[in-house]
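Accompanying notes for the structure given below.
2 protein chains.
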Amino acid sequence: MAAISDVARLAGVSKATASRALSGRGAVADETRRRVEAAAAEIGFIASPAAASLVTGRTMNVGVIIPFVNRWFFGEVLEGIERALLAAGYDLTLYNLADHGPERARVFDFFLARKRVDAVIAIGVDLSEREIASLEQRGKPIVALGGAEAGVPSLTIDDRAVGLLATEHLLHLGHTRIAHLAGTGAAAMPNSVHGRRRHGFLEAMTAAGLAPGGRAHIHETEMSMPGGYTGTLQLLGHPGRRPTALFAVSDEVAFGAFRAAEHLGITIPGELSIIGIDGHEYSEMFGLTTVEQYPGEQGRLAVDVVLRLLGEGEEADPLPDSGAPLPTRLVVRSSTTSAPR
Amino acid sequence: MAAISDVARLAGVSKATASRALSGRGAVADETRRRVEAAAAEIGFIASPAAASLVTGRTMNVGVIIPFVNRWFFGEVLEGIERALLAAGYDLTLYNLADHGPERARVFDFFLARKRVDAVIAIGVDLSEREIASLEQRGKPIVALGGAEAGVPSLTIDDRAVGLLATEHLLHLGHTRIAHLAGTGAAAMPNSVHGRRRHGFLEAMTAAGLAPGGRAHIHETEMSMPGGYTGTLQLLGHPGRRPTALFAVSDEVAFGAFRAAEHLGITIPGELSIIGIDGHEYSEMFGLTTVEQYPGEQGRLAVDVVLRLLGEGEEADPLPDSGAPLPTRLVVRSSTTSAPR
DNA sequence: CGCCTCGTCGGAACCGGTTCCACTCACGTC
DNA sequence: GACGTGAGTGGAACCGGTTCCGACGAGGCG
């Protein structure tokens, strides 16, 4: 429990000089700095973050709010954030908040409002006005990732464009009976990620003269492999002319569709083409055509923005995150092919 | 920016009394407490954790070290820990440490050694002597989860028994040509989770008079679905008498095996029985027979132990975590059946 | 009725850093 | 040679709580 006063005494300087020497702020003669550093090393001095943050008001800690840990996208983002934060000397405090329960209010009022974090990164959760106000009022920057928030800097891919792109890929292959496995609430919440991807689908279909509801089918399902499985069974299980292509809202959902197709004896891509969204780690194994996004990199970017807002990056790189959507890329594999005639 | 001195002034008491009233420590008259609480509520007083931890030495923060976020088991454990910690008023600081890189030393020396956390929960990472000593020396309790650590309280299932149980299930079904998809390093590190499961497999095979190496095959692979996929292709892809049953070291690996079997035109369970370990969220969808474990509950338990070590739970429930292995359960589904004759 | 005990409370020290301010001193300039 | 300048340093206040210790009054006991 060596304190800075011990270091100062050992180095023969004042506490003030020791602090300046170790923190790098303020002018200290080179020779003095070396003496102080040597003294600190000798007694194994470790500064108390509590004492520092008490006076500076900075905790060197960023809160991350995330609804799921075990969905691939979120896990990847979290890893990216963690790495970037660690490199910058920040700690990451995790809040796993799915719904708007009492838990959530408690986290905002009790944990985040306290001086436990300097900033907040919210992944895939829509913050309420009150929640945003509560944080901003205390001068804590917020950055949203996935799901644009009004009033706070948001990093997100263009989900509508991605839905459009995926659907157009299927259309270009000659498919006309195309189904969409959408995420829960896609129709009810047009501004959600699911809603925007659905919108892109509808837009492409309409532009191709394929009135949705006529031959296009949309089924909403949970964002998981079992969700894709049961959803696909619903979509393709009944007799009649089946869709020849399926646009799944995420790769995990698409994986479930693979399994359902196998169960139904439908071959891929012969009888059914499947495209997903994400660029999931497993998509190569499935041979899944997908629109890739890069969640790890997105997490890193979110940290960049946060650090800039905290006045760390200062000038440095100008970073063109001026509202431009994050990059995505169509990767064609073996799960999509020309429509059977 | 309301400080406790403001509360005290408003309530007409001293800082000392205000602190006692709000923290619940020390004797305060009921009427005084009510006045202080009313004053605190009125000006929206929020205590500074930095100030409190500076003097008490407690941060109300627990560090969690985890090698992956995106493996189901780890994600589930993390969620369980988060929930339990939050309920107890603790924050969770996440450290995503896979290998023994320089990053890792930095986390231990710079982050954990500082007074940023009160305790550490290490999931599936083997701590070095030095790392353990460094934490214990500073009075920070450590709890290990999955992969027993010498010298620190460890929560873990009995991996050898689980491997035994899974293999015996296949043996009871009459299988004699049984392959094991083991985790990386299973042979090289007999005390690892992978090593112990492999050991259980060998033990069951030997007891059944089936000399490993004769008709039993072991292949080591990455703990993921693609790992299971390529591993299974290796194991079953070449001609000759194939195994009729497969014991996969984890459910995710088993899922990959399903996919590989489909690719090879092998029916399940007709030509190949598959059993996994974990009780993965998706195992029901696959109809996978598995030995379930309960990672969310394990995380909760780890928090219980940590809180006890921090002197929170004090007496309360005696909790029989006296080294007894965590619960597991064999769940038979449609992926295993009698050996073909 | 005197004394002890206990509940209640205030004053003040303290946790361990950071930073403002004043001061010294060497150096360059006119 | 007088003076301004700025680097380098120390003293002390301060961040916002917690806790030790002592004071005080009321009630119980002998």
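The listed protein sequences correspond, in order, to chains A and B.
So for the first sequence, full-length UniProt numbering puts the first residue at 1; every next one is plus one.
So for the second sequence, full-length UniProt numbering puts the first residue at 1; every next one is plus one.
Just so it is clear, CB atoms sit at the ideal spot from N, CA and C, and this is done for glycine as well.
With 16 other Cβ atoms within 10 Å as the buried cut-off, status of residue i
i             : result
ASN191/B      : exposed
HIS100/A      : exposed
ASP30/B       : exposed
HIS172/B      : exposed
PHE110/A      : exposed
GLU284/A      : exposed
residue 345/B : Here chain B has residues from 1 to 341 only, and residue 345/B is not among them.
VAL55/A       : exposed
ILE66/A       : buried
HIS180/B      : buried
residue 344/A : For residue 344/A there is no data in the structure shown, the boundaries of chain A being 1 and 341.
GLY228/A      : buried
ILE268/B      : buried
ARG198/B      : buried
residue 357/B : With chain B covering 1 to 341 only, the question about residue 357/B has no answer from this structure.
ILE43/A       : exposed
GLU76/B       : buried
GLY200/B      : buried
SER338/A      : exposed
GLY270/B      : exposed
GLU315/A      : With a pLDDT of 48 at GLU315/A, under the threshold of 50, the modelled position of that residue is not reliable, and the figure given next carries that caveat. So GLU315/A ends up on the exposed side.
HIS238/A      : exposed
residue 348/B : No answer is possible for residue 348/B: it lies beyond the span of chain B, which begins at 1 and ends at 341.
GLU252/A      : buried
PRO49/B       : buried
SER250/B      : buried
Cα-Cα separation, residue i to residue j
i        : j        : result
ARG138/B : GLY57/B  : 11 Å
ARG341/A : ASP159/A : 31 Å
PRO318/A : LEU326/A : Low local confidence applies: a pLDDT of 49 at PRO318/A is under 50, so the model's placement there is unreliable, with the coordinate-based value given in what follows. Cα to Cα, PRO318/A sits roughly 16 Å from LEU326/A.
ALA208/B : VAL291/B : 20 Å
ILE266/B : SER335/A : 20 Å
MET225/A : PHE255/A : 6 Å
GLY183/A : PRO243/A : 19 Å
GLY146/A : THR156/A : 5 Å
ALA257/A : ALA113/B : 48 Å
ALA3/A   : LYS115/B : 12 Å
THR328/A : SER19/A  : 47 Å
ASP91/A  : ILE142/A : 16 Å
ALA204/B : ALA324/B : 22 Å
ALA98/A  : ALA27/A  : 48 Å
ALA161/B : ILE277/B : 12 Å
GLY240/B : GLY89/B  : 60 Å
TYR294/A : PHE73/A  : 9 Å
Contacts of residue i in chain A (Cβ-Cβ under 8 Å)
i        : result
GLU262/B : GLU262
SER48/B  : LEU54, ARG114, LYS115
MET223/B : Those do not exist, as MET223/B stays about 12 Å from chain A at its closest Cβ, beyond 8 Å.
ARG91/B  : Before going on, a small fix: residue 91/B reads as Asp here, not Arg. The contacting residues are THR93, PHE111, ARG116.
PRO226/B : GLU281, TYR282, GLU284, MET285
ARG333/B : What ARG333/B touches in chain A: nothing, since even the nearest Cβ is about 14 Å away.
ARG177/B : In chain order: nothing, as chain A lies at least about 25 Å away.
ARG130/B : The contacting residues do not exist; ARG130/B stays about 14 Å from chain A at best.
Interface partners of residue i on chain B, CB under 7 Å
i        : result
GLU82/A  : LEU94, ASN96
GLY75/A  : VAL69, ASN70, GLY75
ALA51/A  : LEU54
ARG300/A : Simply none; closest approach about 13 Å.
Chain-ordered neighbours of residue i on chain A, where CB pairs are closer than 7 Å
i        : result
LEU78/B  : VAL69
TYR229/B : MET285
Check: residue i C-beta below 7 Å from any heavy atom of the ligand COA
i        : result
SER273/B : Summarising the ligand content, the structure contains no ligands, and the ligand COA is consequently not present.
Proximal residues of chain A, C-beta to C-beta of residue i below 9 Å
i        : result
PRO327/B : Per Cβ cutoff of 9 Å: no residues; PRO327/B is ~21 Å from chain A at best.
Listed by chain order, chain B residues near residue i by CB distance under 9 Å
i        : result
ARG241/A : Going along chain B, no residue has its Cβ under 9 Å from ARG241/A, so there is no contact; the nearest lies around 26 Å.
ARG198/A : The contacting residues do not exist; ARG198/A stays about 24 Å from chain B at best.
Can you list, in chain order, the stretches of the alpha helix (DSSP H) that have 4 or more residues and sit fully within the region 169–233 of chain A? 193–207
List, from N- to C-terminal side, the beta strand (DSSP E) runs of 3 residues or more that fit wholly inside the region 34–118 of chain A. 61–66, 91–96, all fully within the region 34–118 of chain A.
Within the region 278–339 of chain A, ranges of the beta strand (DSSP E) (whole runs, at least 3 residues): 289–292, 329–331
Is the region 295–306 of chain B in contact with the region 72–81 of chain B, if contact means three or more CB pairs nearer than 8 Å? yes
Can we say the region 61–76 of chain A touches the region 119–133 of chain A, given the rule of at least three CB pairs closer than 8 Å? yes
Using 8 Å as the threshold, is the region 8–16 of chain B in touch with the region 32–42 of chain B, meaning 3 or more CB pairs across them? Contact holds between the region 8–16 of chain B and the region 32–42 of chain B, because three or more Cβ pairs, one in each stretch, are under 8 Å apart.
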